[in-house]
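J.: Taken in order, the sequence shown gives residues 75 to 336; the numbers are from our numbering.
Ideal Cβ positions, reconstructed from N, Cα and C, are used throughout, including at glycine.
Structure below; questions to follow.
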Amino acid sequence: MLLESLLFTLLTQAPTTAPAPKPAAAAKAPAAAPKDAGTAAMPPAAKQGDASVAVSDTKPAPKPMAPEVKTLVDRMQAFYEKTGDFKAGFKQDYKYKAFRRTQTSTGTVTYKKPGLMRWEYENPSKRTFVLAGNKVYMHDPEAQTLSVAAMDTSQLSASVTFLFGQGKLADEFAITKGACKDCKGTLLVLDPLKNEPRFRQVRLEVDPSTAQVLKSTVVDPDGSENTIAFLDLKTNVGISADSFKLNPPEGTRVDDFTKKAR
75 MLLESLLFTL LTQAPTTAPA PKPAAAAKAP AAAPKDAGTA AMPPAAKQGD ASVAVSDTKP
135 APKPMAPEVK TLVDRMQAFY EKTGDFKAGF KQDYKYKAFR RTQTSTGTVT YKKPGLMRWE
195 YENPSKRTFV LAGNKVYMHD PEAQTLSVAA MDTSQLSASV TFLFGQGKLA DEFAITKGAC
255 KDCKGTLLVL DPLKNEPRFR QVRLEVDPST AQVLKSTVVD PDGSENTIAF LDLKTNVGIS
315 ADSFKLNPPE GTRVDDFTKK AR
């Protein structure tokens, strides 16, 4: 269960169930995982004589943003800083690189400041995720379970928090304009300024007239891509805080991992 990573995904959460791998005879043997799989891959320390030279996790300083890119990024950040709530349909395509397969999900997403978010998955199966403060809830009606986990929102990347009107993308990313024949908006390519174990790259397709994000793609460290397109997004519509309450039916098992962690 990827509860701990739900909010980072905001636009980017991978499906909780991976597709079945291909038969062994047809699939290549996976490369051996590095010993420290939870950290970003780092080049070995350079050696000069008997002395090892430490390798910094900071990448070379990026080039200044092009004026047209900076203008769009500033407008985009200003748009979300002024957004008190929003609601949209979404279509999520998760491309598993290892399995060469794409899993598609659809549903609705609702957000309200400060820090309330609800993802209502309709297909291929019904699931509800709710972020409320520093807790995240996941209701699976088919399994009749409600899971609760802690979420340290202070550790989130600006690629997420700017949607809440917080965080500055330019402080964490080198941002350039990308080429995209099929895009309805302007494609912004965000490369992290420091080695980032959670993702390799973020791409945002932005409507140049409204500065809204139309589509977000996060490239995982293994090359898998998680794309979420926002459909019919509406902002500042007066969403009630009650919209983020979960009322599971009687008989639902509650797994509260926040209590077990104490």
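1) Starting from the Cα of Leu-230, find the closest Cα among Ile-313, Asn-310, Leu-307, Arg-272 and give me that residue.
2) Per DSSP, Arg-327 is paired with what?
3) For Asp-294 and Thr-182, I'd like the C-alpha separation in whole angstroms.
4) Is Phe-238 closer than 9 Å to Lys-187 when the C-beta atoms are compared?
5) Determine contact between the segment 159–174 and the segment 303–322, defined as no fewer than three beta-carbon pairs at a distance below 8 Å.
6) Roughly how many angstroms separate the alpha carbons of Thr-145 and Glu-194, rounded to a whole number?
7) In chain order, what residues of the same chain lie with their CB nearer than 8 Å to the CB of Glu-155, ignoring the 5 residues before and after it?
8) Kindly list the residues whose CB is nearer than 6 Å to the CB of Pro-322, restricted to its own chain and excluding five residues on each side of it in sequence; keep chain order.
9) When you compare each of Lys-242, Gly-325, Lys-333 to Gln-218 by their alpha carbons, which one comes out closest?
10) To the nearest angstrom, report how far apart Met-150 and Pro-215 are at their CA atoms.
11) Take Phe-153 and list the residues in its own chain whose beta-carbon comes closer than 6 Å to its own, dropping the five residues that flank it on each side.
12) According to DSSP, is Ala-303 helix, strand or coil?
13) Helix, strand or coil, according to DSSP, for Gln-166 in the structure here?
14) By how many angstroms is the C-alpha of Asn-269 removed from the C-alpha of Pro-117?
15) Compute the Euclidean distance between the alpha carbons of Asp-330 and Met-139, then round it to the nearest angstrom.
16) Just to confirm the assignment, what range does the beta strand (DSSP E) spanning Thr-291 have?
17) So which of Met-191, Lys-289, Arg-201, Glu-196 has the shortest CA-CA distance to Lys-209?
18) Tell whether a beta-carbon distance below 9 Å holds between Val-276 and Leu-264.
19) Look at the alpha carbon of Thr-291 and the alpha carbon of Ser-283, and state the distance between them as a whole number of angstroms.
T.: On the basis of the coordinates in this document:
1) Out of Ile-313, Asn-310, Leu-307, Arg-272, Arg-272 has the C-alpha closest to the C-alpha of Leu-230.
2) Thr-219
3) 23 Å
4) Taking 9 Å as the Cβ cut-off, Lys-187 and Phe-238 qualify as a contacting pair.
5) A contact exists between the segment 159–174 and the segment 303–322.
6) 33 Å
7) By the criterion of a C-beta distance shorter than 8 Å, Glu-155 is surrounded in its chain by Gly-239, once the five residues flanking it on both sides are discounted.
8) Hits under 6 Å: His-213, Leu-220.
9) Gly-325
10) 36 Å
11) Ala-285
12) strand
13) strand
14) Summary for Pro-117: the model assigns pLDDT 32, below 50, so the residue's position carries little reliability; its value from the coordinates is reported in the next sentence. Roughly 11 Å between the two C-alpha positions.
15) 45 Å
16) 287–293
17) Taking Lys-209 as reference, the option from Met-191, Lys-289, Arg-201, Glu-196 with the minimal CA-CA separation is Met-191.
18) yes
19) 20 Å
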